[in-house]
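J.: For the sequence shown, the numbering used here assigns the number -1 to the initial residue and increments by one for each residue that follows.
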Amino acid sequence: MEPREEFLVLAFEVAVQGVESGAGGPFGAVVARGDDVLASAHNQVVTTNDPTAHAEIGAIRAACAALNSFQLDDCELYASCEPCPMCLGAIYWARPRAVFFSATRDDAAQAGFDDAFVYDEIALPAEARTLLMRRVAHPGAAAPFIAWAAKPDRVEY
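1. From which residue to which residue does the beta strand (DSSP E) around residue 76 run?
2. May I ask you to report which of helix, strand or coil DSSP gives residue 57?
3. If the criterion is Cβ atoms closer than 8 Å, does the pair residue 21 and residue 29 meet it?
4. Where does the unbroken alpha helix (DSSP H) through residue 19 begin, and where does it stop?
5. Going by C-alpha to C-alpha distance, which of 78, 68, 121, 119 sits closest to residue 106?
6. Would you kindly check if the distance between the Cβ of residue 70 and the Cβ of residue 58 is under 8 Å?
7. Return the CA-CA distance between residue 148 and residue 137, expressed in angstroms with no decimal places.
8. When the distance is taken between beta carbons, is residue 74 closer than 8 Å to residue 95?
9. Can you say whether residue 8 is buried or exposed, counting buried as having 16 or more other CB atoms within 10 angstroms of its CB?
10. Examine the ligand COA and report whether any of its heavy atoms sits within less than 7 Å of the Cβ of residue 7.
11. Keeping to the same chain, check which residues put their C-beta closer than 6 Å to that of residue 116; ignore five residues upstream and five downstream.
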């Protein structure tokens, strides 16, 4: 599968629109299926006061809404830059068939968007992370999983 230049260029254009509007960082994303653009989005962290309002997340949400599905079957995601760890996780959950990006995480770091510490933290055991993260054992912790397992009409994903 080869990337489609027009979709990558659209991701750049959307990113620049976001920058010019003051919405957030210089990132854009497009979800396409075949010849169709299902969704595009730019970073909106600043205007929404939402640290999860990254371009890829916005494009995934809009494309899934358009498809009425929580998966991006037969879709590709085009991003102006290599997805951050949060977006990468969302992309894997959305299950597109491919991701194409242009700028790298090193390019983003040079512009002031450095994700290296997050990649480093993910590799550590919870108790070794700089953010306090501690398991609290509780006898009720299994209840949600028991309810899920007993639900006959659950949607597997």
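Virtual Cβ for every residue (Gly too), placed ideally from N, Cα, C.
From a predicted model like this one, the values you see are computed outputs, not experimental measurements.
T.: So, from the data block:
1. Reading the sequence shown from its first residue, position 78 is the one you call residue 76. 74 to 79 is the span of the beta strand (DSSP E), which, as asked, contains residue 76.
2. Here the question's residue 57 lines up with position 59 in the sequence shown. Residue 57: helix per DSSP, three-state reduction.
3. As a working note, residue 21 is residue 23 in the sequence shown. As a working note, residue 29 is residue 31 in the sequence shown. Contact flag unset, no.
4. Indexing the sequence shown from 1 puts residue 19 at position 21. Here the alpha helix (DSSP H) through residue 19 covers 3 to 19.
5. Taking the sequence shown and counting its residues from 1, one reaches residue 106 at position 108. Among 78, 68, 121, 119, the Cα nearest to that of residue 106 is on 78.
6. Here residue 58 refers to the residue found at position 60 of the sequence shown. Here residue 70 refers to the residue found at position 72 of the sequence shown. Yes, they are a contact pair.
7. As a position in the sequence shown, residue 148 is number 150, starting the count at 1. As a position in the sequence shown, residue 137 is number 139, starting the count at 1. Cα to Cα, the separation comes out at about 18 Å.
8. Mapped onto the sequence shown, residue 95 falls at position 97. Mapped onto the sequence shown, residue 74 falls at position 76. Yes, they are a contact pair.
9. The residue you call residue 8 lines up with position 10 of the sequence shown. Classification for residue 8: buried.
10. By its list of ligands, the structure shown contains no ligand whatsoever, and the ligand COA lies outside what it can speak to.
11. As a working mapping, residue 116 is identified with position 118 in the sequence shown. Within the same chain, residue 116 has close Cβ partners 83.
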